[in-house]
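J.: In this note's numbering, the protein residues as written are 68 to 472. Positions of the beta carbon are idealized from the N, C-alpha and C atoms, including for glycine. Before we start, here is the structure in question, set down as structure tokens.
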Amino acid sequence: MRVYATVKVEAVAPDPSSHHRLYLFLKSYRDWTQYVIDQIWFEDKTPSMRELHSRFYGLLRSMGFRAHHCHKIERRAKEIVKGVKKNNGSKPVLRKLTARIDYEDYKLDLENKVLKIAMLNNECVVLKLKWYSYINKYLNSDWKLKEILVSFRNNNIWIYLVFEREVVFRKPRTVMGVDINFDNITYTILDMNGRLMSMGTIPFKGLRKALHYKKLAEKLQRRYPRNWRFVKWVRRVRGRWLRRAKNILRDTSHYVAKKIVGIADEHDSVIVLEDLENIKKNNRSKKFNWRIHFWAYRRIQEYIYYKALMKSIPVVFIDPKYTSKKSPIGGKLIFLNYKYVKLPNGFIVTRDIVASWNLALKYLQMKGSRWSMWSPNSPHDEGMKTQPKRGKPMQVSIISKITKK
């Protein structure tokens, strides 16, 4: 299996002339991508790459684009049209100045940290990269540099270096069931015979903090229901609060994902996640729906997935139906309240632990493994102790994008 990592670095043109020429190239790249989109949008069936090539290659070449530029423009236009139509959207209008550059159309000088990019009419521009030491780990290992993305935003040039690596999954010795909740991430680790080895809870405080800022933004909108879009200071304050909420969710999601993958790496586990694809279709109370639409469960799962790929840890998704209502050791659960249940052996645990435990057992049953009952007198009863919170949240890279803050 292949895994990709994208490194974001800032670039500087040596002179204003080069800066402007790059801007014109990106603008032309965007405009002609929009042209291809406009031409194929109203067709009943999205054309194949061969059809796009026969229709637009000659025209794009006559505009000064290189052969690989033409191929990237055609493919990008097809991807956008196909994706938007799948979501029943209206005709897209491109605004961002971004271009995909094939590895044949650029040259990276690692010694001098200089990037040379081919543009229109075989002209080239040389950019100086603001290099960071953490990027070197992708250059000195089995990562391979593929295409790059060049973006022009707020008069700044950004380069996205895409690295590729083949991943061979390790053979797991244990199974780690992970239950994602509003305020915590609960995990349970079993061996391949179903015996309990460890369990714990990682606090997730990001949603509560993010919802606070979302509530402030909504309250401000209610104060100006008609003209909040047109009052500059209202737009600015609302945007600041929503950005803060977004950053909090991103940072805490990275933190808990890194903790989960670190524990799985320590126990040599396969990570079992819940398949929550249809969770938003379950209409419940107004408060629940308000929270769930801001909940970053999919982002947490994506971060866990790609961080696990980096360490060759396998990840599987399982239907979580009835996992919090079924006893993992046989018998019947006694529900003390919404949160706590009593196991048939007398132990009192949370429903989150029961859910993560059953997720791990479901995986073992799917794999056809044998599993036995766990008793409180077994040496594994140390696993009933939750691990204390270690360290502080730290900013790490966002999914498929590795940056330095």
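Go ahead and pull the three-state DSSP assignment for Trp52.
T.: As displayed, the chain neither begins before 68 nor continues past 472, which places residue 52 out of reach and without an answer.
J.: Touching or not, the stretch 383-401 and the stretch 413-431, by the rule of three or more beta carbon pairs under 8 Å?
T.: As far as the Cβ criterion goes, the stretch 383-401 touches the stretch 413-431, which means the pair count is three or higher.
J.: Closer than 8 Å is the cut-off here; do at least three beta carbon pairs connect the stretch 249-259 with the stretch 299-313?
T.: The stretch 249-259 is not in contact with the stretch 299-313.
J.: For Arg365 and Asn188, I'd like the C-alpha separation in whole angstroms.
T.: Arg365 and Asn188: Cα-Cα distance of roughly 44 Å.
J.: Is DSSP giving Phe92 helix, strand or coil here?
T.: If DSSP states are grouped into helix, strand and coil, Phe92 belongs with the helices.
J.: Determine, using beta carbons only, whether Leu164 and Val76 come nearer to each other than 8 Å.
T.: For Leu164 and Val76, no; Cβs fall outside 8 Å.
J.: Taking the straight line between their C-alpha atoms, what separation do you get for Ile338 and Lys374?
T.: Between Ile338 and Lys374, the C-alpha separation is close to 11 Å.
J.: Return the first residue and the last residue of the alpha helix (DSSP H) that Ala312 is part of.
T.: Note, Ala312: alpha helix (DSSP H), Lys299 to His334.
J.: Have a look at Pro114 and Val242 and give me their C-alpha separation to the nearest angstrom.
T.: Cα to Cα, Pro114 sits roughly 45 Å from Val242.
J.: Taking the runs of the alpha helix (DSSP H) that are 4 residues or longer, which of them lie wholly in the stretch 338-373?
T.: List check, alpha helix (DSSP H) in window: 353-359.
J.: How far does the beta strand (DSSP E) with Ile247 in it reach, from first residue to last?
T.: Residues Thr241 to Ile247.
J.: Note down the Cα distance separating His87 from His120, rounded to an integer number of angstroms.
T.: Each residue's alpha carbon lies about 29 Å from the other.
J.: Roughly how many angstroms separate the alpha carbons of Ala185 and Cys191, rounded to a whole number?
T.: If I take the Cα positions, the gap works out to 4 Å.
J.: Measuring only the C-alpha atoms, how far is Leu263 from Gly397?
T.: One C-alpha to the other measures close to 14 Å.
J.: Do you know offhand how far Pro103's Cα is from Ile380's?
T.: Checking the sequence, you will find Val at residue 103 rather than Pro. Taking the straight line from one Cα to the other gives about 41 Å.
J.: Given 8 Å as the limit, is there contact between the stretch 326-340 and the stretch 271-287, that is, 3 or more CB pairs closer than that?
T.: No, they do not touch.
J.: With a CB to CB cut of under 8 Å and the five nearest residues on each side skipped, what residues in its chain are close to Val383?
T.: Val337, Ile338, Val339, Leu340 and Tyr430.
J.: Got a sec? Which residues, its chain only, sit under 6 Å from Leu175 by beta carbon, not counting five neighbours each side?
T.: Leu182, listed in sequence order.
J.: On the criterion of 16 or more Cβ atoms from any shown chain inside 10 Å, does Leu403 qualify as buried, or is it exposed?
T.: Leu403 comes out exposed.
J.: Give the C-beta separation of Ile269 and Lys326 to the nearest angstrom, bearing in mind that I take them to be a contact with Cβ-Cβ under 8 Å.
T.: At roughly 5 Å, the Cβ-Cβ gap stays under 8 Å, so Ile269 and Lys326 are in contact.
J.: Is there a Cβ from chain B that is less than 8 Å from the Cβ of Asp209?
T.: Of the protein chains in the structure, only one exists, and it is not chain B.
J.: Please report how far the alpha carbon of Asn484 lies from the alpha carbon of Phe297, in whole angstroms.
T.: Lying before the first or after the last residue shown, residue 484 is absent from the chain, which here runs from 68 to 472.
J.: Relative to the alpha-carbon of Ala422, which residue among Leu177, Gly267, Lys313 and Ile359 has its alpha-carbon at the smallest distance?
T.: Checking every option, the nearest Cα to that of Ala422 belongs to Gly267.
J.: Can you tell which of Gln368, Trp108 and Pro83 has its C-alpha closest to the C-alpha of Asn248?
T.: Looking at the Cα atoms, Gln368 is the closest of the given residues.
J.: Which residues in the same chain have their Cβ closer than 8 Å to the Cβ of Gln106, if we skip the five residues on either side of it in sequence?
T.: Excluding residues within five positions, the ones whose Cβ falls inside 8 Å are Arg122 and Phe123.
J.: Would you give the residue range spanned by the beta strand (DSSP E) that Ala284 belongs to?
T.: Taken as a continuous stretch (DSSP letters only), Ala284 belongs to no beta strand (DSSP E), being part of the alpha helix (DSSP H) at Gly273 to Arg290.
J.: I need the DSSP call for Pro159, collapsed to helix, strand or coil.
T.: DSSP places Pro159 in coil when its eight states are reduced to three.
J.: Where does the unbroken beta strand (DSSP E) through Glu190 begin, and where does it stop?
T.: Unbroken run through Glu190: none, as it is neither H nor E.
J.: Can you check whether the CB of Leu93 is closer than 8 Å to the CB of Val217?
T.: The answer is yes: Cβ separation under 8 Å.
J.: Where do the N-terminal and C-terminal ends of the beta strand (DSSP E) with Tyr71 fall, by residue?
T.: Tyr71 -> beta strand (DSSP E) spans Arg69 to Val79.
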